[in-house]
Amino acid sequence: MNAPLESGLSIVVPVYRAEATLRPLVDRIEQALAEFPHPFELLLVNDNSPDGSAAIIDTLATETPWIRGVHFMRNYGQHNAILAGVRQARFNRLVTMDDDLQHPPEAIPALLHKLDEGFDVVYAPPLKEYHGALRDAASRMTKTLLKHALGITVARDVASFRAFRTDLREAFADYHNPAVFIDVLLTWATTSFTAVPVQHETDSGGASTYTFGKLLLHALNMVTSFSTLPLRIASLLGVGTVLFGTALLVYIVIEWLLGGNPVRGFTMLFSMIVIFSGVQLLSLGILGEYLARMYQRSMGRPPYVIKPSPQSQT
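Residue numbers for the sequence shown follow my numbering, so the first one is 36 and each next one is one higher.
Shown next, in the form of structure tokens:
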């Protein structure tokens with residue numbers, strides 16, 4: 036990974052259930068880069084897709100010299116597939132995009148032009164979101180976590196259609212955690228981010244695999260894997276409940292000294308006990324999430340395993 040990178044472009048596409056879109060995607064990439072003055076390559080990373088994507092990738096790699104196929108042993112996830120492609124890229128500039136034709140390859144030159152202006156990472160967010168209300172809400176929440184919990188200042192522009200300098204991968208060359216979030220890893224290498232909004236397409240030939248529930252789980256995994264903010268929130272909740280309980284005790288003592296009936300207000304006291312118990316359970320749950328992350332890391336589970344090519348097996 037320390038070898039000098041040749042001037043050119045590597046395009047990484049994670050592939051899952053994309054047998055209907057792979058060939059049109061390759062054709063459009065070839066047309067979009069027809070006048071590109073440097074060599075380029077396309078890495079199609081098959082995330083153990085259950086359809087016929089693997090056979091199409093192998094055929095395309097045989098027919099087209101600038102296409103390379105990478106196959107996973109099992110399904111690891113979109114970001115893990117991107118990480119595998121990034122680590123195998125040969126050229127000094129890199130673009131990641133989805134396999135469903137929502138990201139227009141015709142916008143790639145505009146992203147590269149922004150890189151030439153001196154930026155390290157260029158996102159291509161959509162001009163307008165096309166998903167349902169719940170999915171859009173989950174997406175906004177994820178981006179809010181990126182901004183406030185992880186310190187990514189351009190979080191509202193984060194998109195899977197992005198371009199960056201390949202040498203940024205040196206910052207996470209030794210990263211081997213199974214929980215992979217490319218946008219967080221990029222912040223380990225640079226703070227030079229910008230965005231070029233583009234018109235994303237809706238005629239993708241299939242439904243998105245990122246549902247509302249998956250985005251929520253994605254956000255939870257991201258913030259507990261790369262940030263200590265939940266632990267700080269739990270600590271603040273603990274301090275707040277202690278202060279509130281102390282104030283309530285002082286109030287009850289003063290009322291008793293003034294001749295009041297300390298039994299009165301039992302309902303309020305019971306409610307406070309329930310609230311305190313809830314805070315304790317929440318704090319334990321947050322601690323449990325972090326312990327689970329530590330346990331997963333201690334097992335040494337890899338972020339992906341690449342299936343050997345037929346040539347390497349002979």
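Yeah, the Cβ is synthetic: ideal placement off N, Cα and C, and Gly gets one too.
Considering only C-alpha positions, which residue in the set the options is nearest to residue i?
i, options, result
"F196", "T225, I217, F207 and P100", "I217"
"H73", "V157, Q123 and W101", "W101"
"D82", "A55, P49, D93 and L68", "P49"
"R58", "L68, A194, A96 and F71", "A96"
"G153", "T226, L220 and G275", "T226"
"L136", "I289, G275 and E236", "E236"
"R336", "V219, Y111 and A67", "Y111"
"Q66", "P140, L79, I289 and F279", "P140"
"P265", "I341, S318, R103 and V80", "S318"
"T201", "I310, L220 and K342", "L220"
"Y339", "V105, E70, E54 and T94", "V105"
"F71", "S84, S45 and G280", "S45"
"Q315", "A198, G120, G275 and A206", "G275"
"P85", "R52, S312 and E76", "R52"
"V47", "R109, L79, A89 and L60", "L79"
"E54", "F279, W291 and I92", "I92"
"L4", "I268, M307 and G313", "Absent from the structure is residue 4, since the part of the chain shown begins at 36 and ends at 349."
"V156", "F199, A89 and R122", "F199"
"P343", "L77, F75, A69 and R109", "R109"
"Q113", "T56, L272 and D134", "D134"
"I356", "R122, A224, L293 and E76", "Given a span of 36 to 349 for the chain in the structure shown, any question on residue 356 remains unanswerable."
"F311", "T56, F75 and L272", "L272"
"A142", "T94, F75, I268 and L68", "L68"
Report buried or exposed for residue i, applying the criterion of at least 16 other Cβ atoms within 10 angstroms of its Cβ.
i, result
"D151", "exposed"
"G87", "exposed"
"I64", "buried"
"Y286", "exposed"
"M132", "buried"
"A242", "Bear in mind that the predicted position of A242 carries a pLDDT of just 47, short of 50, making it too unreliable to give a figure here."
"F107", "buried"
"S270", "exposed"
"I428", "Because residue 428 is not part of the residues shown, which for the chain are 36 to 349, the question remains open."
"G240", "The pLDDT assigned to G240 is 47, lower than 50, so where the model puts this residue is not dependable, and the model offers no usable value."
"R204", "buried"
"F228", "buried"
"Y62", "The question names Tyr, but residue 62 is Asp in the sequence shown. The residue is exposed, with fewer than 16 neighbouring Cβ atoms inside 10 Å."
"T99", "exposed"
"F207", "buried"
"G313", "exposed"
"G120", "buried"
"A194", "buried"
"I321", "buried"
"A89", "buried"
"L278", "exposed"
With DSSP collapsed to three states, give me the class of residue i.
i, result
"N83", "coil"
"A119", "helix"
"F75", "strand"
"S347", "Only weak support exists for where S347 lies, its pLDDT of 45 falling under 50; the value from the coordinates is given anyway. The answer is helix: DSSP assigns S347 an H, G or I state."
"G241", "Reliability fails at G241, whose pLDDT of 45 lies under 50, so the model's placement of it is uncertain and the value that follows must be treated cautiously. Of the three classes helix, strand and coil, the one that applies to G241 here is coil, per DSSP."
"A230", "strand"
"A69", "coil"
"A198", "strand"
"T56", "coil"
"P140", "helix"
"H211", "coil"
"D218", "helix"
"T225", "coil"
"H114", "helix"
"L146", "helix"
"D192", "helix"
"P265", "helix"
"A96", "helix"
"L278", "helix"
"D134", "coil"
"A124", "coil"
"E152", "coil"
"R63", "helix"
"L326", "helix"
"R336", "coil"
"E236", "coil"
What does DSSP give as the partner residues of residue i in its beta bridges?
i, result
"S45", "E76 and L129"
"R103", "L78"
"Y158", "R197 and A230"
"I341", "F107"
"V50", "N81"
For residue i and chain C, any beta-carbon pair shorter than 8 Å?
i, result
"L220", "Looking for chain C here will not work: only one protein chain is present."
Meets three-Cβ-pair contact criterion under 8 Å: the segment 203-216 and the segment 134-154: No, the segment 203-216 is not in contact with the segment 134-154.
Inter-stretch contact at 8 Å, needing at least 3 Cβ pairs: the segment 40-57 / the segment 125-138: The segment 40-57, when compared against the segment 125-138, does touch it at the 8 Å Cβ threshold.
The segment 216-233 / the segment 153-161 touching (three or more Cβ pairs under 8 Å): Contact holds: three or more Cβ-Cβ distances are below 8 Å.
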